Amino acid sequence: MPDSPVLDHHSPYETPLHRDESAIAGMWLFLASEALLFGGLFLVCLIYSHTRSAGWAEGVRHTNLVIGGVNTMILITSGAVYTMAVEAGKRGDNRRVVRAGLGAAALGVAFLVLKGVEWALEFREHLFPGPDFALHGPDAGAAELFYSFYFLATFLHGMHMVVGIGLILWICRKARHGIFGPAWNTPVDIVGLYWSFVDLVWMLLFPLLYLLGRA
Amino acid sequence: MSGTPSPAVQQRSYLWQDGTLRSWLLTRDHKRIGLLYLGSITAFFVLGSIGAALVRLQLLEPTGAILSDATYNRMFTMHGVVMVWLFLVPSIPVTLGNFLVPLMLGARDLAFPRLNLLSWYLFVASGLLVVYGLFRGGLETGWTFYTPLSSEYTQGRVLPVVLGVFLNGFSSIATGVNFIVSIHQLRAPGMTWYRLPLMLWALYATSVIFVLATPVLAITLLLLAFEHLFRVGVFDPTLGGDPLLFQQLFWFYSHPAVYIMILPGMGVVSEIVSTFSHKPVFGYRFVAWSSVSIAAIGFIVWGHHMFVAGTSLYSAIVFSMFSFFVSVPSAIKVFNWLGTMHGGSIRLDAPMLYAMGFIGLFTVGGLTGLFLASLASDVHLTQTYFVVAHFHYIMVGGMVSAYFGGLHYWWPKITGRMYPEIWGRVAAALIFFGFNLTFFPQFILGYEGMPRRYATYPAQFQVLNVLSSAGAGILAVAYLLPLIYFTWSLFRGAQAPDNPWGATGLEWQTASPPPVENFAETPVVTTDAYDYAARDGRADAARVDEGAPHA
Numbered sequence: 001m002p003d004s005p006v007l008d009h010h011s012p013y014e015t016p017l018h019r020d021e022s023a024i025a026g027m028w029l030f031l032a033s034e035a036l037l038f039g040g041l042f043l044v045c046l047i048y049s050h051t052r053s054a055g056w057a058e059g060v061r062h063t064n065l066v067i068g069g070v071n072t073m074i075l076i077t078s079g080a081v082y083t084m085a086v087e088a089g090k091r092g093d094n095r096r097v098v099r100a101g102l103g104a105a106a107l108g109v110a111f112l113v114l115k116g117v118e119w120a121l122e123f124r125e126h127l128f129p130g131p132d133f134a135l136h137g138p139d140a141g142a143a144e145l146f147y148s149f150y151f152l153a154t155f156l157h158g159m160h161m162v163v164g165i166g167l168i169l170w171i172c173r174k175a176r177h178g179i180f181g182p183a184w185n186t187p188v189d190i191v192g193l194y195w196s197f198v199d200l201v202w203m204l205l206f207p208l209l210y211l212l213g214r215a
Numbered sequence: 001m002s003g004t005p006s007p008a009v010q011q012r013s014y015l016w017q018d019g020t021l022r023s024w025l026l027t028r029d030h031k032r033i034g035l036l037y038l039g040s041i042t043a044f045f046v047l048g049s050i051g052a053a054l055v056r057l058q059l060l061e062p063t064g065a066i067l068s069d070a071t072y073n074r075m076f077t078m079h080g081v082v083m084v085w086l087f088l089v090p091s092i093p094v095t096l097g098n099f100l101v102p103l104m105l106g107a108r109d110l111a112f113p114r115l116n117l118l119s120w121y122l123f124v125a126s127g128l129l130v131v132y133g134l135f136r137g138g139l140e141t142g143w144t145f146y147t148p149l150s151s152e153y154t155q156g157r158v159l160p161v162v163l164g165v166f167l168n169g170f171s172s173i174a175t176g177v178n179f180i181v182s183i184h185q186l187r188a189p190g191m192t193w194y195r196l197p198l199m200l201w202a203l204y205a206t207s208v209i210f211v212l213a214t215p216v217l218a219i220t221l222l223l224l225a226f227e228h229l230f231r232v233g234v235f236d237p238t239l240g241g242d243p244l245l246f247q248q249l250f251w252f253y254s255h256p257a258v259y260i261m262i263l264p265g266m267g268v269v270s271e272i273v274s275t276f277s278h279k280p281v282f283g284y285r286f287v288a289w290s291s292v293s294i295a296a297i298g299f300i301v302w303g304h305h306m307f308v309a310g311t312s313l314y315s316a317i318v319f320s321m322f323s324f325f326v327s328v329p330s331a332i333k334v335f336n337w338l339g340t341m342h343g344g345s346i347r348l349d350a351p352m353l354y355a356m357g358f359i360g361l362f363t364v365g366g367l368t369g370l371f372l373a374s375l376a377s378d379v380h381l382t383q384t385y386f387v388v389a390h391f392h393y394i395m396v397g398g399m400v401s402a403y404f405g406g407l408h409y410w411w412p413k414i415t416g417r418m419y420p421e422i423w424g425r426v427a428a429a430l431i432f433f434g435f436n437l438t439f440f441p442q443f444i445l446g447y448e449g450m451p452r453r454y455a456t457y458p459a460q461f462q463v464l465n466v467l468s469s470a471g472a473g474i475l476a477v478a479y480l481l482p483l484i485y486f487t488w489s490l491f492r493g494a495q496a497p498d499n500p501w502g503a504t505g506l507e508w509q510t511a512s513p514p515p516v517e518n519f520a521e522t523p524v525v526t527t528d529a530y531d532y533a534a535r536d537g538r539a540d541a542a543r544v545d546e547g548a549p550h551a
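In order, the protein sequence lines correspond to chains A and B. Position one of the first sequence corresponds to residue 1 (UniProt numbering), numbered consecutively onward. Position one of the second sequence corresponds to residue 1 (UniProt numbering), numbered consecutively onward.
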């Protein structure tokens, strides 16, 4: 990822624009790879939600729809706030990049805190898979299966959130030195791509983990 | 013509400028990173070969010659895991590919030099983790980690290996992203897509597989690890999981990965065949697009690994049909290489011997693949030595031959030294002979019904097994030879001219070894790849300029 507006002598590029285009292409390719990482997970979830639908649905019914719903709103808002940073970066309004960036990062942290609360509640209710799993009955195995996917998927997504928040803070630090402008704002853009992707993954996880089979 | 290179070359060469260990370990130079990779995968190749040697020693006798059954299982697992992920998958892309992609494009470096270095560190870390897992406790699952064997039986010993392979995947993805962006963005002026050397088309296709297939393996292995750590049933049937699902996901990566383990070899062979026939590659565009189609079709054939696993007949028929489709682009390549050689002025230097070996062995490997793609014969041949022979013809006869051929071909460029040609030819011939002696008997063994992965076998199979083990001994010696004379050539080899083979690629237009910045000035491309008439014209003109007599 480019970290300064000028080329250093190692650079394989002719112009900064050439380098920045390449960096954006690299991020898109990385996201394509990420899409298949989560894609594999979604596929397995979809299969089990069909083949073991009764227990799966019971698991879904035990998720905390309120926290999940609020978190969805928070994350959409965070994504929207970050686009303001991207717009500000294009205009060269570095102060606004910092403000919008910190806003988006704070919302991200709020998401993680709520997620942590949700996890804590679930641990207390013994919904984490294991010998003392709370749900019993003929479909308990599938409900446990649901919860293993629930925890793995939210963990994986949470790790991506942590990385994303780190990247946004890195952008804020750079913006404080006033280096973004109409001529160069690629890092703001690239982090925006990543942050939107993390958003998008949640947009698919939310129905999959909270809604599918709830009714 | 031995001795040290001239001070001028030394000063500018990527090898000599700043020789501190720190400068190597923190380098962003794609050429140095290629060499770091070369050192690491050579070590893993030796380790994997030791596993193979022990397996072949064991099978000298029907009751098993040296190892206990459990140790035998661990050895073939070690051989498979190390060879696939720590040698074959990275082999040509990360060594020759890293070195050559920017040079062939006419660029100063790959698109993301720091990411490139990171990929090497990820690779080394993953390799150490895998080796730790394989030796501390050991693993009996084979390289495929099939559940429930890997989940129920190994009791956690699978974890470090699986996490190592997981990490390894990200090293592959980084390399793939780097190559794709470089080939799109860093082509020199005039280097259009249809002027790219075919090696780059092959590496491009490989990179697409790296980027799109590897993450599926990553998530599969993560699920496997998760199943272990928290005892939940994802794939383990005793916990309510579905073991077939593991196979589906595993092969969704691992079948395309089979083409990761052959496409780069095809790229190397295209370069070598053209150079040593002194002719443009016949049907350039067909060869280029056949790489892309092999990669694309590779994504929809994974079900042929599961014909006998109880999948539906209709899906098996469809997967069988798609598997036959792969033979079309593969055959295009073989015929076009032969078309290139036809009427060419062929020189039988060591690289060409390897390339010709590749064509023959790959053809055998490919044709025997048709037996396995056919549902009826696969039921008989699956899980036998026929399969083992088939994929070794592709991966060892094909890919390893191409890797060695490529190493010989570009050795002068990489090191600035010539390898001893006579020894190069001896090794190439010995590898070809040893390889066939090792693996051809296995076709017969498999056809006669000897199952793979067994530590013992009925006495009737002994003669063929002894032949195979004898071949493996020859192969071991043959693989040692290049290790010895390559090392020797580093110190005593004749100094290499810039273009020892009279080849056309941009990499031959710069010094041997290249300067840090690759080209004194960015080259401008005005001709197609493999335009020998233009190149010979240039060489003649240069000679006239220097006042040398006209050849």
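Glycine included, C-beta positions come from ideal geometry on N, C-alpha and C. As the structure is a computational prediction, the values presented were derived from the model and not from experiment.
With distances taken Cα to Cα, identify the nearest neighbour of residue i among the options.
i	options	result
residue 456/B	521/B, 62/B, 13/B and 55/B	62/B
residue 283/B	443/B, 340/B, 265/B and 324/B	340/B
residue 252/B	310/B, 509/B and 212/B	212/B
residue 468/B	388/B, 402/B and 425/B	388/B
residue 358/B	371/B, 332/B, 395/B and 275/B	395/B
residue 37/B	175/B, 231/B and 361/B	175/B
residue 531/B	126/B, 308/B, 278/B and 524/B	278/B
residue 186/A	88/A, 81/A, 214/A and 111/A	88/A
residue 18/B	296/B, 527/B, 541/B and 516/B	516/B
residue 183/A	67/A, 92/A, 14/A and 51/A	92/A
residue 259/B	14/B, 440/B and 92/B	92/B
residue 449/B	378/B, 434/B and 483/B	378/B
residue 366/B	380/B, 342/B, 376/B and 333/B	333/B
residue 13/B	529/B, 525/B and 520/B	520/B
residue 164/A	133/A, 201/A and 136/A	201/A
residue 116/B	99/B, 104/B and 476/B	99/B
residue 113/A	70/A, 82/A and 211/A	70/A
residue 189/A	36/A, 27/A and 205/A	27/A
residue 175/A	64/A, 104/A, 212/A and 94/A	94/A
Per DSSP, which residues does residue i bridge with? Please list them.
i	result
residue 515/B	13/B
residue 182/A	Its beta-bridge partners do not exist; DSSP assigns none.
residue 131/A	Residue 131/A pairs with nothing; no bridge assigned.
residue 451/B	384/B
residue 417/B	495/B
So residue i and residue j are in contact, right, with Cβ under 8 Å, and what is the actual spacing, rounded?
i	j	result
residue 122/B	residue 171/B	4 Å
residue 57/B	residue 465/B	Actually they do not touch by this definition, with Cβ atoms about 11 Å apart.
residue 118/A	residue 232/B	Actually they are not in contact, since the Cβ atoms of residue 118/A and residue 232/B sit about 19 Å apart, beyond 8 Å.
residue 453/B	residue 142/B	6 Å
residue 40/B	residue 127/B	7 Å
residue 410/B	residue 15/B	Their Cβ separation, rounded to whole angstroms, is 14 Å, which puts residue 410/B and residue 15/B out of contact at 8 Å.
residue 237/B	residue 298/B	About 29 Å separates the two Cβ atoms, so there is no contact after all.
residue 110/A	residue 84/A	Not really, about 17 Å apart at Cβ, beyond 8 Å.
Problem - the stretch 55-72 of chain A / the stretch 215-229 of chain B touching (three or more Cβ pairs under 8 Å) - result: no
Exercise for the section: Residues of the stretch 226-239 of chain B with a CB closer than 9 Å to any CB of chain A: list them in chain order, please. Expected result: Along the stretch 226-239 of chain B, going in chain order, the ones with a CB nearer than 9 Å to a CB of chain A are 226, 227, 230, 231, 232, 233, 234 and 239.
Exercise for the section: Taking only beta carbons into account, state which residues of the stretch 163-189 of chain B come closer than 7 Å to chain A, listed in chain order. Expected result: Within the stretch 163-189 of chain B, the residues whose Cβ lies closer than 7 Å to any Cβ of chain A are, in chain order, 173, 177, 180, 181, 184, 185 and 186.
Practice task
Anything in the stretch 205-219 of chain B with a Cβ closer than 8 Å to a Cβ of chain A? List those residues in chain order, please.
Solution key: 211, 212, 213, 214, 215, 216, 218 and 219
Practice task
Tell me, please, whether the stretch 11-25 of chain A touches the stretch 104-113 of chain B by the rule of three or more beta-carbon pairs shorter than 8 Å.
Solution key: yes
Practice task
Check whether the stretch 125-137 of chain B touches the stretch 76-96 of chain B, counting contact only when three or more Cβ pairs, one atom from each stretch, lie closer than 8 Å.
Solution key: yes
Handout entry: chain B contacts from the stretch 123-134 of chain A (Cβ-Cβ distance under 9 Å)
Key = 128, 129, 130 and 131
Problem - the stretch 187-200 of chain A: positions lying closer than 9 Å to chain B by Cβ - result: none
Practice task
Decide if the stretch 288-306 of chain B is in contact with the stretch 176-187 of chain B; the criterion is three or more beta carbon pairs, one per stretch, under 8 Å apart.
Solution key: no
Exercise for the section: Below 7 Å between beta carbons is the criterion; list the residues of the stretch 112-135 of chain B that meet it against any residue of chain A, in chain order. Expected result: 112 and 113
Exercise for the section: Scan the stretch 9-43 of chain B for residues whose Cβ lies nearer than 7 Å to a Cβ of chain A and list them as they occur along the chain. Expected result: 28
Exercise for the section: Using a Cβ-Cβ cut-off of less than 9 Å, list which residues of the stretch 132-154 of chain A approach chain B; keep chain order. Expected result: 141, 142, 144, 145, 147, 148, 149, 151 and 152
Exercise for the section: Kindly confirm or deny that the stretch 146-164 of chain B and the stretch 220-231 of chain B touch, where touching means at least three C-beta pairs closer than 8 Å. Expected result: yes
Exercise for the section: Pull out every residue of the stretch 87-110 of chain B whose Cβ sits closer than 8 Å to any Cβ of chain A, in chain order. Expected result: 102, 107, 108, 109 and 110
Handout entry: Contact list for the stretch 237-262 of chain B against chain A, Cβ threshold 7 Å
Key = Listed by position along the chain: 240, 245 and 249.
Practice task
State whether the stretch 35-49 of chain A contacts the stretch 242-252 of chain B, with contact taken as three or more CB pairs (one from each stretch) at a distance under 8 Å.
Solution key: yes
Practice task
Closer than 7 Å, Cβ to Cβ, to anything on chain A: give me those residues from the stretch 49-69 of chain B, in chain order.
Solution key: Taking 7 Å as the Cβ-Cβ cut-off against chain A, none of the residues of the stretch 49-69 of chain B qualify.
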